[in-house]
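Chains as they are written, first to last, in the working numbering: chain A, 1 to 248; chain B, 1001 to 1353; chain C, 2001 to 2301. Backbone N, C-alpha and C fix where the C-beta goes; we use that ideal spot for every residue, glycine too. Please read the structure below before turning to the comments.
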Amino acid sequence: MSEQLISVNDVSKSYGGVHANVDITMSVAKGSITGIIGPNGCGKTTLFNSIVGYHPIDKGSIKFENAEISKLRVGDIARLGMLRTFQQTRIYGKMNCVDNMQISVSHRSSSKTSIFASRKGEIKDRAESLLEFVGLYSKRNLISGDLSFGQQKLLEFAMALMNEPKVLLLDEPTAGINPTLINGLIDRLRRANEELGITLCVIEHNMRVIMNLASKIYCLSNGKMLASGTPSDLQNDQRVIDAYLGGS
Amino acid sequence: MIARNDAYIYGALGILGILGPIFFPNYTLSIAYLWMMVLMASTWDTLGGQTGYNSLGNITFFGVGMYISAIVQVSFFYEGGVGEYTSAMGSIKPVFTESQYFIGLGLGILAAGVVSVLMALVFSSFMFGLRGPYFAIGSLGLAIATAEITITINYVGGASGISMPLFPGDIEFRSTFFYILCFVFAVAAHFLLRWLYSTQFGLAINAIRDDEDKAEAMGIPTLKYKRIGWTIAAFFMGCIGAVAGNMAGFIDKEVAYPIPTFGIFMVAMVLLGGKGTLWGPVLGAILFHVIKETTWTYLLNLQWVALGLILIVNIVYFQQGIMGWLQSKYPESFGIAIDASREGANVKSGETI
Amino acid sequence: MLENLQLLFVWAPIINIQIILEGIFVGAVFALSAYGLALVWGVMNIKNLAQGDFVIAGGYMALALHYYDVPLLIIMLIVILVMFIYGWLIYVTMIRRIIDQDMFVSLLATFGLSLLMQQVMNLIFGPEVQTVDMEMPVYDFFDNMVTVPSSKILSLILAGLLAVAVVLFMKKSRTGQAIRATSQDPRAAKVLGIDTDRVYAFTFALNSALCGAAGVLVSIIWVIQPFYGITYSVRTFAIVTAAGLGNLPAVIGAGFGIGLFEKYTGIIFGTAYEVAAPVLILLIVLVWRQMLLKKNRQVVQ
Chain A
1 MSEQLISVND VSKSYGGVHA NVDITMSVAK GSITGIIGPN GCGKTTLFNS
51 IVGYHPIDKG SIKFENAEIS KLRVGDIARL GMLRTFQQTR IYGKMNCVDN
101 MQISVSHRSS SKTSIFASRK GEIKDRAESL LEFVGLYSKR NLISGDLSFG
151 QQKLLEFAMA LMNEPKVLLL DEPTAGINPT LINGLIDRLR RANEELGITL
201 CVIEHNMRVI MNLASKIYCL SNGKMLASGT PSDLQNDQRV IDAYLGGS
Chain B
1001 MIARNDAYIY GALGILGILG PIFFPNYTLS IAYLWMMVLM ASTWDTLGGQ
1051 TGYNSLGNIT FFGVGMYISA IVQVSFFYEG GVGEYTSAMG SIKPVFTESQ
1101 YFIGLGLGIL AAGVVSVLMA LVFSSFMFGL RGPYFAIGSL GLAIATAEIT
1151 ITINYVGGAS GISMPLFPGD IEFRSTFFYI LCFVFAVAAH FLLRWLYSTQ
1201 FGLAINAIRD DEDKAEAMGI PTLKYKRIGW TIAAFFMGCI GAVAGNMAGF
1251 IDKEVAYPIP TFGIFMVAMV LLGGKGTLWG PVLGAILFHV IKETTWTYLL
1301 NLQWVALGLI LIVNIVYFQQ GIMGWLQSKY PESFGIAIDA SREGANVKSG
1351 ETI
Chain C
2001 MLENLQLLFV WAPIINIQII LEGIFVGAVF ALSAYGLALV WGVMNIKNLA
2051 QGDFVIAGGY MALALHYYDV PLLIIMLIVI LVMFIYGWLI YVTMIRRIID
2101 QDMFVSLLAT FGLSLLMQQV MNLIFGPEVQ TVDMEMPVYD FFDNMVTVPS
2151 SKILSLILAG LLAVAVVLFM KKSRTGQAIR ATSQDPRAAK VLGIDTDRVY
2201 AFTFALNSAL CGAAGVLVSI IWVIQPFYGI TYSVRTFAIV TAAGLGNLPA
2251 VIGAGFGIGL FEKYTGIIFG TAYEVAAPVL ILLIVLVWRQ MLLKKNRQVV
2301 Q
């Protein structure tokens, strides 16, 4: 069995009276692409937020590289090398694309000099090559807030890559993207995983995408872990089919 | 590299800075205050415009710097100590030699800067958990509290203030000397900020302004950047406070913590010129100062009322600022690229990638 | 300071009763203006830094009317009416233009308004500390250790009546319902035919009237001065920050709390800390809120 990068153990989280997550246990293996699926409101994004530190959890433990992170705050967790993208894309809207990329460099070992480093040179080259990787090179000098939603989504993905995270949590990367471009995005996600060695954990609604992409998939329903396994396991699991067709 | 437009502006400002007091010696102190306001506006903008943390309390460091430098200047060469000096209510007038005075002043300005930096470090440990209006009101509270606490300290003269040591020279040399100090500090602050904004630091604080939660989620150590930004402002505010105290000759709560005047002017000047730009604060400060100086004498008792009105009109009707207005009108000349293919076209999300 | 503590707790503990009463009297006034701020903050997201100057303006109006021997109740009604109109005018000329701007703009614009009002009041009434003497009887208790002027009791009753009137108005009247609907979702309110601009104007005017009424009470139980406004603004911010928006019992409780805190610090540390005390309590409230939220991995915003 390969090494687990993230392991979530028995995590529960409730808002008011709503049990958003109940006794969730899951793990993300190093170097893998892991998927999380489930109907709307089943607690996927809540689980994401618990992992990256947006709110405290009620019980359980979350470990990243075997260190407990459930008490840390967002920034500390990000500096350990775990990043997330947002369902509602978030970029620095008044800055241009290259600047957005340049400020997204890794802050894991930021020293005194890197704070005041010039914006030219190696950082800029890398920013531009990653923009090329996601296909935004021609838009690099535009104010990022003026880009279309899909372009902003790609920019956010490129910014995450710029940071060279150990693991990247993507919240619905294909939502709002033109269907004809989804294949290109899947390809880029896979290349990021294989060529850049970034472990991915993806929330996705689009079954075709996640079945193609992930090697292991977890299915949530009503805040509980319903099933897990390889894509083909889940495709044949009656409980998963019921959950999606509104059976339960 | 300095662009051509900038070179012209630097030339014009340099001429004003150097020739102004030579040709208009009567206005030397007025121009000195102009540079002081340029410095206040520029350093305010580091946190307010570039980082999006609107402080109403930067004037705290001005006052603290003023008092610290007074303590250092008096205690350095007057044997009786500060307590005896202030309790005599200005009746003790120690005569300092030139070298004593200037060394004392130099040390005073330095100490003012250092203490202001330390205070900013302490303040930032509990102030930067506040965002938006809470930060603004909290920092205003800091300024008021510091001012009120200062006047309860009898060591620095309490409510009756301190007279600063006398300047060892004639009045003309005095105004020229303080003029040069103000000018040098303003120029130093400007070029330091200019360089800072061109580094990763500049991008980081802009990122915090645009979306701080995103910046946190990307692992940017936001507290560190905000702290550096405020500390730089505090250093310059402390130093210029020390200079201003010596220019005024006498300091008390109103001189040291001018919350309703300089405290709010520096914000209004930045808004007038344009937030978050290098030149906005400079332009705003110059315009504001010129308007204030030219209308001041004609307004008799209504000066302060008029000033309040100017502030409101400025903020309510013209908050984009001159630079902001120019930028939205002529984006190309500010190096902002416009996507021609999107002009006028109704582009649906994700359609053009 | 130690002597003051001894006085309070060893020599004459009965004085505590006096201080607590004083705290309640001023606290009621603070709560009134704080409720106004909570209203404009909650409904239209305006942080009014001129809040305290509205209070002082009401006080000066009472002072001027009292000079012509107008009875207190009539003064109250006139001030409420005039301040209501004043608030409406301020809304139309200023607030309407900044309502959908950055929050800092509203803060700064109202700070400018605060400076302007201070200067105008200073020009008209002069910088002296003044008070309205209602020439009403004073009651003594415990061998003159505790004195309670009947004007203060009257002011407490008036504050209570005003609070009840406002709460009933917000609950029962059409306008009150429209205000509450707008505060919950302005867009939906607009779609359903509520004239939100009018609601905002009314809310701001109501706040102004509340502050004016509080000012009348301040002028008869305490002192007014053109530049005292900022301390009232700071107090109302501290109260609203501690109590939250739209929680009337908490606002009243926090108002009394600040009143007591100030009276005690005044006795223990001396009058030099009169202005510093409300400011320090604001800072303490802000830091305390931060610590609570830090546990939830959040920040104050």
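For this session: Mind checking who Asn96 (chain A) pairs with in its DSSP beta bridge?
Result: A:Ile143
For this session: Determine, using beta carbons only, whether Gly1083 (chain B) and Phe1096 (chain B) come nearer to each other than 8 Å.
Result: no
Problem set entry | Nearest candidate by alpha-carbon position, reference Ile1208 (chain B), set B:Leu1192, B:His1190, B:Arg1227 and B:Gln1100 | B:Arg1227
For this session: Report yes or no: do three or more beta-carbon pairs, one from the segment 1138–1145 of chain B and one from the segment 1273–1285 of chain B, lie closer than 8 Å?
Result: no
Problem set entry | Proximal residues of chain B, C-beta to C-beta of Met2094 (chain C) below 8 Å | Ile1312 and Val1316
Exercise. How many Å lie between Asn1206 (chain B) and Ile2085 (chain C) at the Cα?
Worked result: 42 Å
For this session: For Gly1011 (chain B), I'd like the list of residues in its chain whose CB is within less than 7 Å of its CB, leaving aside the five on either flank, ordered along the chain.
Result: none
For this session: Could you list the residues in the segment 2004–2019 of chain C with a C-beta less than 7 Å from some C-beta on chain B, going in chain order?
Result: none
For this session: For Pro1221 (chain B), go through chain A and note every residue whose CB falls closer than 8 Å to its CB, in chain order.
Result: Gly75, Arg79, His107 and Ser110
Problem set entry | As assigned by DSSP and simplified to three states, the class of Ser106 (chain A) | coil
For this session: Go ahead and label Asn1005 (chain B) buried or exposed: buried means 16 or more other beta carbons lie within 10 angstroms of its beta carbon, across all protein chains shown.
Result: exposed
Problem set entry | Helix, strand or coil at Val2223 (chain C) according to DSSP, with G and I counted as helix | coil
Exercise. Which residues in the same chain have their Cβ closer than 6 Å to the Cβ of Ala2178 (chain C), if we skip the five residues on either side of it in sequence?
Worked result: Ile2194 and Val2199
Problem set entry | Against chain B: residues of the segment 12–34 of chain A by CB proximity under 7 Å | none
Exercise. Opposite Thr2147 (chain C) in the DSSP bridges: which residues?
Worked result: C:Asp2140
For this session: Run down chain A in chain order and give the residues with a C-beta less than 9 Å from the C-beta of Leu1203 (chain B).
Result: Tyr92, Met95, Asp99, Asn100, Gln102, Ile103 and Arg119
For this session: Under 9 Å between beta-carbons, which chain B residues line up against Arg84 (chain A)? List them in chain order, please.
Result: Ala1217
Exercise. With respect to the beta strand (DSSP E) encompassing Val22 (chain A), which residues constitute its N-terminal and C-terminal limits?
Worked result: Val18 to Ala29
Exercise. Can a CB atom of chain C be found closer than 8 Å to the CB of Ile1208 (chain B)?
Worked result: no
For this session: Could you please give me the residues that DSSP links to Glu82 (chain A) through a beta bridge?
Result: At residue 82 (chain A) the sequence reads Met, which differs from the Glu that was named. Answer is A:Val167.
Problem set entry | Helix, strand or coil at Ser215 (chain A) according to DSSP, with G and I counted as helix | Note: Ser215 (chain A) maps to coil in three-state DSSP.
For this session: Count the C-beta pairs between the segment 2228–2241 of chain C and the segment 2071–2088 of chain C that are closer than 8 Å, then say yes if the count reaches three, no if not.
Result: no
For this session: Would you tell me roughly how many angstroms separate the C-alpha atoms of Val2079 (chain C) and Thr2182 (chain C), rounded to the nearest one?
Result: 27 Å
Exercise. Taking the alpha-carbon positions, what's the Ser32 (chain A) to Ile210 (chain A) distance?
Worked result: 13 Å
For this session: Return the residue from the list C:Pro2226, C:Ala2250 and C:Glu2274 that minimises the CA-CA distance to Phe2125 (chain C).
Result: C:Pro2226
Exercise. Short check: CB of Gly1238 (chain B) to CB of Val1074 (chain B), under 8 Å?
Worked result: No, they are not a contact pair.
For this session: Give the secondary structure of Tyr54 (chain A) by DSSP, where H, G and I count as helix, E and B as strand, and everything else as coil.
Result: coil
For this session: Give the range of the alpha helix (DSSP H) segment to which Asp1210 (chain B) is assigned.
Result: Gln1200 to Asp1210
For this session: Have a look at C:Phe2009, C:Gln2018 and C:Met2121 and flag the residue whose alpha-carbon is nearest the alpha-carbon of Tyr2139 (chain C).
Result: Nearest option by C-alpha distance: C:Gln2018.
Problem set entry | Nearest to Ile2252 (chain C) (by Cα), restricted to the options C:Leu2021, C:Tyr2035, C:Asn2016 and C:Glu2003 | C:Tyr2035
For this session: Count the other CB atoms, across all protein chains shown, that sit within 10 Å of the CB of Lys1348 (chain B); report buried if there are 16 or more and exposed otherwise.
Result: Note that Lys1348 (chain B) scores 38 on pLDDT, short of 50, meaning its location in the model is unreliable and no value can be drawn from it.
Problem set entry | Met2291 (chain C) burial status per 10 Å Cβ neighbour count (16 or more: buried) | Met2291 (chain C) should be labelled exposed.
For this session: Label Met1001 (chain B) either buried or exposed according to how many other C-beta atoms from any shown protein chain fall within 10 Å of its C-beta, with 16 as the threshold for buried.
Result: The predicted position of Met1001 (chain B) is uncertain, since its pLDDT is 43 and thus under 50; a value taken from the coordinates is nonetheless stated next. With fewer than 16 other Cβ atoms within 10 Å, it is exposed.
Problem set entry | Residues bridged to Thr34 (chain A) [DSSP beta-bridge criterion] | A:Cys201 and A:Lys216
For this session: Apply the 10 Å Cβ neighbour rule to Thr1294 (chain B) and answer buried if 16 or more other Cβ atoms are within range, or exposed otherwise.
Result: exposed
For this session: Tell whether a beta-carbon distance below 8 Å holds between Val2026 (chain C) and Trp2222 (chain C).
Result: yes
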